[in-house]
Every structure is written in C-alpha cells, then in structure tokens.
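Student:
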C-alpha cells in the first residue's frame, strides 16, 4: 500500500466528522491488504439509543442477518436488545454472546424441523409462520409455542420492496390463526414488513392501513392477539435524505397507535437501520479503463464486488457512496465493477456513477455505510478471493 | 433424516445410470444434515478425456473458478491440464496441487499489482489484458511477460451472454498490441469468450467471424501472434439438448481452423463444460405452501438458495433440474425459493417449475449437474447457514 495515497484519502475525508465516525477515522489512518469492513460499536450503540428512544415501548429485536459479527451481537445484548434469528446458527450465536433466550424470536417462516426442535429445547418460545405446513412443523417440534403469522403487504413504497416470498394473503389469515389454536399453539400475533430501506416514515401508512383491519378482525373473532411485530425497513443513508432515526421511529409508532390503538406488545426488527451507518469498507481501485477511444464512460474496477460483499448492488438497488482521494476534482461517468472473472459482477452500469477523472489503479477508496448485509453475503472464496475481512472497533 | 425417504429418493433415481454416475449413487445411498455438493473425480476425468480428444492439439486450461476443490485440481493436474487462474489465491491453489507453473495462465484482465508481481516471481509468464493501464501494470510487475489481449465480441448466442465487462473494442486492438510491444512485453495472442453455456457448436461461428479478421490484420501489421485463446462456453446439460463433448469440441476446432488457418498455439478454458455434470447437490425441502387458498401455484422452499450455492439462478439463467422421491406422480407449477430471510432468494418464479403434488417438507431431493459455480459462490454464512458442504469422490 501507498503511504501518500493514505494521506490523500484522509484529505478527501473531511465529509466525515472523525470524532463521531470512528470507522472512517480508522480507515483513513491504516493500510489494508484486502477489502475490509470496519464497524464501530459506539456508532451502533448510539443508533440503538436513538431508535429505542423513538420506538418508546416497542421492543427492538435486532435482525441478526444484517451483521452477525459476534462483537456486534454482544454490544446489543448489553444495550438490552432482543434478537430476530433466521436459523439455528443465529440462535447459537446470540446465546453464545449472552443473549437471554426469552429475548430471541425465530423469525424465519421457512425453518428446518430439526432447528425448530433445537430452538424449543433451548427455550425459544416465539416463532414466525405463514402457512399450514409450518404451523404443523412448529406444533410437532415446539408444542405449545407462541406463533405470529406473517402477512403479505402490497404497494410498498420502500426503495427495495420485498417479493411475495414471505407471508400469507389476507384471506388466509383467519384460517391460519384458527389452525394454530387447533394445533395447540398460542396464536400470539401478526407480523409484516414494509420493505427494505423505507426512507420516509409516512411510507408506512398505506401498509399499516392494510394490516390494522386484519388485526381488529382477528381480535373480534376471538383471537387474543398480544404481539404486533412491525418488522424492519428502517433506513440507512445512501445519499438520499432520510429522517433522523429517533424522529422516524417515533412517527412510525404514532402511526401505528392511531390505527391499532394500544397493542399489548410491539416489536420492531431493525437490521440495516441499526448497523449500516456504523461501518465502511476500505477498498482499492484495481483498474480504470475505456473499452475504446471514443467510449463515453470509463470502467472502474474495485477489489470488491457483488460476490465479495456488495451483493445488495443487485439490480443497482442499494447505491453505495464512494469516497476517493481525488474528491473535489473534475468527475465523469463510470461503470463500476468488481474484480472477479464473472460478467455479472458489475455494481452500477445502467446508472453510472460520477467519479474523479484523476482516479487510478492503486487508489484507495472508502465505501460508505456498508455495515449491513455485506460481510455475511460474501462468498467463501469465489475466484480465489478471500471473504470480506471484518474489523470491529 | 428419514430413512424411508432415502429409499424413495433412490427409487426416483433410475434416470441416472448409477455405474457411470457415482455422485448420484452416493447421494441416494447416504444421508446429509445440510446441503452437500457431491463431485465425482472419475466423471471429471472422463469429461477431460472427451474434450481433450475433440480439441486435438488445443491445450485445455481449466477455469479454476468453476470448482476450486483441491481434489478436482489435482485430478486435472494428473490428466495434464493447464489452469486459467483469476487471482493469486487460485495460482497458489494450483501450485499447491502440483501444477507446473508453465501450465498456469493469469487470465483475469483486472489484477491487483501485487498479485502480478507474485505471479511473475513464481514463474508465471502468460497474462491477460484488455487496457493500457493493465499492460502498464504487467510491464512494471512482470517485465517481459507474454500477454494476450481480450476482445469484446457481440451477438453471442450463448444461454448466458457475457456483459461488456471484459475485453476491448476491436478498434482498440491494434493500439494495445503496439503498446504492449513498446512496453517491452511480448504481444503473444488474442482471446475472446463466446459466452457461458453456448449450447451448440455452430453458435461459435458468428463470434469466430468477428475475431478472425482481427487476428489476420494483427499478423499482417507485424505482430507475430502465437496464441489464440478461445476461452470457455463449453456447455453442460441442464435439460436442453447439447452435443456430446468430443463432437462439440471437434466441430469448434474445425470452425476455427477454417477461419484462422494453422494457429501456432490454441488454448481452451472450459470450466462448466468440464465439471458441471460431475456433481449433484443433496438438498431437502423445507416447506411447501400456498399464499392463499386460490393460489395457482405452490411455493417450494429448499434448504439451499441463491446465497448458499445456487447463485447462477440469478435472472433464472441456469435452470437446474430437480429429482424428487415422488417423480412419476402428478405435478403442478411451483415457485422455487431458498431458505434465507432474503426476499431476493428466489430461484425460479417467472418460469415456475413443475414438481410433484406429493412433495412435502422433509423430502430429500437431488439437484442435478451442480459441479460448476456453486460451492465457491456460496456465502460464508448468510442468515447463519453454513456454506455449501463439498464431498469429492
């Protein structure tokens, strides 16, 4: 690595307030021999406090899949967070970091039967489901458990609306609640997800308008629902304005109470919203080229791509911001791509990114707000590149 | 795992000739507690022989990224294969398995400078490039090396045409060859790629028609080109007819010689074409459900998805065939999805797959011809699921 470049990158970094962004300061002050995610626990703790304040009595269950670094889990255990786990592996991780079993929910609607049995045996009592077959599986392997039914919601205004993979249609809800009760389970609540990266709190309203009548109807039908799990969707900053987290969370809760009244238990599952801003990736430019002399744009190849940590650039959905040592100079449009010999390993092509004309191979760059959904998506070693390195401060 | 299901899966498997498909036989005879790729070295060796026969004097450089299992590399070392490496990691892997350094090419057009220096220091002398900046990097860190220039080719008839990520425009070729010579490098040849999974040998013709005039023009301009690297594109069977490998390879070489004459050195880089058919994945159905009572199709969730090995289902490009214990019974359309809490983890939705109506959670299935681009794409642990397990027979 090139010491002068380090200095140049630091010069490019005053966009960050170093005293409140330890990960950026660490990246500017150090050299890395491969792509490295640097995450600040202090920033996660501060974000937890802001969301916790805004959410009021709604309990946070951190979506572990967003960043399963053990130090991140332990930090959130100390803050009093609960944990939304997708698998046996995530449950073991949280227990290993000191989480109380009563603070763990098994939120995947697609569970291996032996994992349900494992969760039941260690004391997990709260499970998600969206189908008869899953309820039968839970009833068999975790008899008497509390279940919440996940609903499909439509017309999401999120930056990354979810597919129909999870949830049941509204028309199926009553039957599933009845079936859960008939199987000896506790029909405990409902869940939904507004969609990933829902930038404005008011975008929640159309979704809440769909769910509230179903909640009231289920209670009217005799199901003593206790839990409303509002899922995730809490946004991170990727260049477009978002509301401050405390205010955002408070407005979401306000919108819920206006429609649902006093729900006995509220649960929120932020993942991205808790950890994305707390981490940045230190990366390096591998090559800058043009395909022909008259090409309108350059191709910029980084040492990290879709298969080594930046999977969320699929469909150019999440647009990471890149800090370079040449920021402030003249810029031009670039296609941004990863280093692998895979033709699909392109980050931004349909909407090219503007980067400095002075950018060269060997330049170190910082990719902002990569704390969520990067390290765990990284491949084990595609093209012989090692997985994304992670440093937790 | 369920012993009777094992028996049922075996009963469903007579589509395979067990004596020639050791991986299928192994899967039918064993239980697995997580998704597992089983690969047969004997099948790879047989495929190598067929391609080698068909390719004649063209030297095979196996595209290591397709399946970097050390035992696979060692098998191909023993067969006399060369190796197309994408990174320092892949070069180290091949050397560690006994490959001769003169049989290794560094085929990535996007190389880290320190990796070029590493390759040069261990004795690699053949490098790919498609830009001035990459040639400068090679000249600096591997002075005197042989380079081949990769070309963009258009109008590919492949099942998965490549993007413009790799290669230079035809208009840039002469300048790059001159520049390589001026930098003290050996302008050694050209390369191109017809596109992944090019099912018919005649699909090569339009691409060869583009490259041949460039080859002849470069030689006429005084570049004593020695090497034509025809890349990969050799197909595997995913349900649509493909030609037998020996015949396919022979017809490709015939088409090349008709256009290029007697090229001093021919090189081919099969990856998928060598290893895909040699491996199958043992998987399990996690859940079968409908979103509502009047849903036209079912959702079938497997314990493996896009982030745990089946990345090539992106855009529904590669359509894997699924063998189930209920094959032969009535079928219906299914959306097929992975087990993670990621809404993008859907394998086939736009073109649903027909699967038996009797399919249930807990059923073991076999996913055919997964030997290529599965294990190395697998994430390190997204959603707490371990990476794809690999057993090499």
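Chains as they are written, first to last, in the UniProt record's numbering: chain A, 1 to 393; chain B, 1 to 393. Just so it is clear, CB atoms sit at the ideal spot from N, CA and C, and this is done for glycine as well. Predicted, not measured: the structure shown is a model, and the values here were computed from it.
Who are the neighbours of residue 164 of chain B on chain E, taking C-beta pairs under 7 angstroms?
Tutor: In summary, chain E is missing from the structure at hand, where the protein chains are A and B.
Student: Please give the ranges of any beta strand (DSSP E) in the segment 63-91 of chain B, keeping only runs that are unbroken, at least 3 residues long and fully inside the region.
Tutor: Counting only runs of 3 or more, we get 82-85.
Student: So, for residue 351 of chain B: in the same chain, excluding its five sequence neighbours on each side, which residues have a beta-carbon less than 8 angstroms away from its beta-carbon?
Tutor: The residue you call residue 351 of chain B lines up with position 351 of the second chain. Excluding residues within five positions, the ones whose Cβ falls inside 8 angstroms are 316, 319.
Student: Cβ of residue 234 of chain A within 8 angstroms of Cβ of residue 270 of chain A?
Tutor: Along the first chain, one-based indexing puts residue 234 of chain A at 234. Along the first chain, one-based indexing puts residue 270 of chain A at 270. Yes, they are a contact pair.
Student: DSSP three-state label for residue 273 of chain B, please.
Tutor: As a first step, residue 273 of chain B is located in the second chain; it is residue number 273 there, counting from the start. If DSSP states are grouped into helix, strand and coil, residue 273 of chain B belongs with the helices.
Student: Using a Cβ cut-off of 8 angstroms (strictly closer), state whether residue 181 of chain B contacts chain A.
Tutor: Counting from one through the second chain, the residue named residue 181 of chain B turns up at place 181. So no, residue 181 of chain B is outside the interface.
Student: With a threshold of 8 angstroms between beta-carbons, can residue 174 of chain B be considered close to chain A, or not?
Tutor: For the purposes of this step, residue 174 of chain B is taken as residue 174 along the second chain, with counting starting at 1. Not one chain A Cβ lies under 8 angstroms of residue 174 of chain B.
Student: Got a sec? Which residues, its chain only, sit under 6 angstroms from residue 268 of chain A by beta carbon, not counting five neighbours each side?
Tutor: Mapped onto the first chain, residue 268 of chain A falls at position 268. Excluding sequence neighbours, residue 268 of chain A sits near 55, 58, 60, 230.
Student: If you measure from the beta carbon of residue 4 of chain A to each beta carbon in chain B, is any gap under 8 angstroms?
Tutor: Translated into the one-based positions of the first chain, residue 4 of chain A becomes position 4. In this prediction, residue 4 of chain A scores a pLDDT of 37, lower than 50, which makes its location untrustworthy; the coordinate-derived value is nonetheless stated afterwards. It does not; no Cβ of chain B falls within 8 angstroms.
Student: Excluding the 5 residues preceding and the 5 following residue 379 of chain B in the sequence, name in chain order all residues of the same chain whose CB lies nearer than 6 angstroms to its CB.
Tutor: Numbered from 1 along the second chain, position 379 holds the residue referred to as residue 379 of chain B. Excluding positions up to five away in sequence, the list reads 307.
Student: Is the Cβ of residue 301 of chain B closer than 8 angstroms to any Cβ of chain A?
Tutor: The residue you call residue 301 of chain B lines up with position 301 of the second chain. It does; some Cβ of chain A falls within 8 angstroms.
Student: What is the rounded straight-line gap between the Cα of residue 250 of chain B and the Cα of residue 164 of chain A?
Tutor: Residue mapping note: residue 250 of chain B aligns to position 250 of the second chain, counting from 1. Residue mapping note: residue 164 of chain A aligns to position 164 of the first chain, counting from 1. Roughly 47 angstroms separates the two Cα atoms.
Student: Am I right that residue 396 of chain B and residue 346 of chain B are in contact with their C-beta atoms under 8 angstroms? What's the rounded C-beta distance?
Tutor: No answer is possible for residue 396 of chain B: the residues shown for chain B start at 1 and end at 393.
Student: Check each candidate in A:173, A:44, A:33 and name the one with the smallest Cα separation from residue 245 of chain A.
Tutor: In the first chain, counting from the first residue as 1, residue 245 of chain A sits at position 245. Out of A:173, A:44, A:33, A:44 has the C-alpha closest to the C-alpha of residue 245 of chain A.
Student: Closest by CA to residue 175 of chain B, which one among A:292, A:131, A:211?
Tutor: Indexing the second chain from 1 puts residue 175 of chain B at position 175. Ranking the options by Cα distance to residue 175 of chain B, first place goes to A:292.
Student: Given that a residue counts as buried once 16 or more other Cβ atoms are within 10 Å of its Cβ, and exposed if not, what is residue 327 of chain B?
Tutor: Residue 327 of chain B sits at position 327 when you count from the first residue of the second chain. Counting Cβ neighbours within 10 Å, residue 327 of chain B comes out buried, since at least 16 surround it.
Student: Hey, is residue 122 of chain B's beta-carbon within less than 8 angstroms of any beta-carbon in chain A?
Tutor: On the second chain, position 122 is the one that residue 122 of chain B refers to. No - not a single Cβ of chain A is within 8 angstroms of the one on residue 122 of chain B.
Student: Which class does residue 391 of chain B belong to by DSSP, given the choice of helix, strand or coil?
Tutor: Counting from 1 along the second chain, the entry for residue 391 of chain B is found at position 391. DSSP places residue 391 of chain B in strand when its eight states are reduced to three.
Student: Just how far apart, CA to CA, sit residue 385 of chain B and residue 129 of chain B?
Tutor: For this step, residue 385 of chain B is matched to residue 385 along the second chain. For this step, residue 129 of chain B is matched to residue 129 along the second chain. Roughly 38 angstroms separates the two Cα atoms.
Student: With 16 as the cutoff for other CB atoms within 10 Å, does residue 286 of chain A come out buried or exposed?
Tutor: The residue labelled residue 286 of chain A in the question sits at position 286 within the first chain. By the 10 Å Cβ count, residue 286 of chain A comes out buried.
Student: Ordered along the chain, which non-local residues of its own chain (more than five positions away) have a Cβ less than 8 angstroms from that of residue 170 of chain A?
Tutor: Taking the first chain and counting its residues from 1, the one referred to as residue 170 of chain A is at position 170. Closer than 8 angstroms at the Cβ level, and outside the excluded window around residue 170 of chain A, lie 151, 152, 210, 214.
Student: In angstroms, rounded to a whole number, what distance separates the CA positions of residue 154 of chain A and residue 259 of chain A?
Tutor: Along the first chain, one-based indexing puts residue 154 of chain A at 154. Along the first chain, one-based indexing puts residue 259 of chain A at 259. For residue 154 of chain A and residue 259 of chain A, the distance between alpha carbons rounds to 18 angstroms.
Student: Does residue 207 of chain A come out as helix, strand or coil in the three-state DSSP assignment?
Tutor: Within the first chain, numbered from 1, the residue matching residue 207 of chain A stands at position 207. Three-state DSSP puts residue 207 of chain A in a helix.
Student: Taking only runs that begin and end inside the segment 139-210 of chain B, name each unbroken beta strand (DSSP E) of 3 or more residues, in chain order.
Tutor: Counting whole runs of 3 or more residues, the segment 139-210 of chain B contains the beta strand (DSSP E) stretches 146-150, 186-191.
Student: Return the chain-ordered list of same chain residues with a C-beta closer than 6 angstroms to the C-beta of residue 81 of chain B, the five sequence neighbours on each side being excluded.
Tutor: Here the question's residue 81 of chain B lines up with position 81 in the second chain. Answer for residue 81 of chain B: 60, 62, listed in chain order.
Student: Do the segment 65-81 of chain A and the segment 22-37 of chain B meet, that is, are 3 or more Cβ pairs less than 8 angstroms apart?
Tutor: The segment 65-81 of chain A vs the segment 22-37 of chain B: no contact.
Student: Chain B partners of residue 112 of chain A, CB-CB under 7 angstroms?
Tutor: Locating residue 112 of chain A in the first chain gives position 112, where the first residue counts as 1. 286, 303, listed in chain order.
Student: To the nearest angstrom, report how far apart residue 388 of chain A and residue 205 of chain A are at their CA atoms.
Tutor: The residue given as residue 388 of chain A occupies position 388 in the first chain. The residue given as residue 205 of chain A occupies position 205 in the first chain. Taking the straight line from one Cα to the other gives about 37 angstroms.
Student: Taking its Cβ as the centre, do 16 or more other Cβ atoms sit within 10 Å of residue 20 of chain A, making it buried, or is it exposed?
Tutor: Here residue 20 of chain A is taken as the residue at index 20 of the first chain, counted from 1. Residue 20 of chain A should be labelled exposed.
Student: Of the choices B:299, B:325, B:77, B:189, whose alpha-carbon is the least far from that of residue 265 of chain B?
Tutor: Sequence index remark: in the second chain, residue 265 of chain B carries index 265 (1-based). If we check each option's Cα against that of residue 265 of chain B, B:189 comes out closest.
Student: With distances taken Cα to Cα, identify the nearest neighbour of residue 131 of chain B among A:279, A:134, A:360, A:123.
Tutor: Taking the second chain and counting its residues from 1, one reaches residue 131 of chain B at position 131. The option with the nearest alpha carbon to residue 131 of chain B is A:360.
Student: Which residues in the same chain as residue 1 of chain B place their Cβ atom closer than 6 angstroms to its Cβ, once the five residues preceding and following it in sequence are excluded?
Tutor: As a working mapping, residue 1 of chain B is identified with position 1 in the second chain. Confidence in residue 1 of chain B is poor, its pLDDT being 34 and thus under 50, which makes the residue's placement too unreliable to answer from.
Student: Using DSSP bridges, identify the partner residues of residue 333 of chain B.
Tutor: Sequence index remark: in the second chain, residue 333 of chain B carries index 333 (1-based). B:354, per the DSSP bridge assignment.
Student: Are three or more beta carbon pairs between the segment 295-305 of chain A and the segment 331-341 of chain A nearer than 8 angstroms?
Tutor: The segment 295-305 of chain A vs the segment 331-341 of chain A: in contact.
Student: Could you tell me which residues DSSP puts in a beta bridge with residue 281 of chain B?
Tutor: Working through the second chain from its first residue, we reach residue 281 of chain B at position 281. BP columns for residue 281 of chain B point to B:37, B:367.
Student: Looking at the unbroken beta strand (DSSP E) that takes in residue 104 of chain A, where does it start and where does it end?
Tutor: Position 104 of the first chain, counted from the start, is the residue given in the question as residue 104 of chain A. Start and end: 104-106.
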